[in-house]
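Engineer:
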Amino acid sequence: MEPDINQKLDALLLLQKKMAQMLERVYRKVKTDEEWMDSTDLKDRLNISISTLYRWRQMNLITAYKIGTKLYYSKKEVNELVERDR
1 MEPDINQKLD
11 ALLLLQKKMA
21 QMLERVYRKV
31 KTDEEWMDST
41 DLKDRLNISI
51 STLYRWRQMN
61 LITAYKIGTK
71 LYYSKKEVNE
81 LVERDR
């Protein structure tokens, strides 16, 4: 590849890394405003398997929010789901 293309690819990779860092900072701020759970916390709380959680996401029973590379769930939404299904 030409050096110019390599420089552009390097610049894009750097930009991607910076954006991921910015998203992590935003997540930390949002996390203080509202409580969140990751997939492991949620499956443990509801005593369900990871495949059940995946199926619920596919059926739009629960909303997952992707921050960086992880999925998070709003505790408020989870509590509403639990109350609705009682």
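Everything in the sequence shown is counted per the UniProt record's numbering, starting at 1 for the first residue and increasing by one. Here a beta-carbon is modelled for each residue, glycine too, at the ideal position from N, C-alpha and C.
Tell me which same chain residues have a C-beta within less than 6 angstroms of the C-beta of Gly68, skipping the five on either side of it?
Structural biologist: For Gly68, the CB contacts under 6 angstroms within the same chain, skipping 5 residues up- and downstream, are Ala20, Leu23 and Glu24 in chain order.
Engineer: With DSSP as the reference, label Ile50 as helix, strand or coil.
Structural biologist: helix
Engineer: Can you check DSSP and say which residues form a bridge with Asp85?
Structural biologist: Per DSSP, none; premise fails for Asp85.
Engineer: Quick one: using the 10 Å Cβ neighbour count with 16 as the cut-off for buried, is Lys26 buried or exposed?
Structural biologist: The residue asked about is misnamed: residue 26 is Val in this sequence, not Lys. Classification for Val26: exposed.
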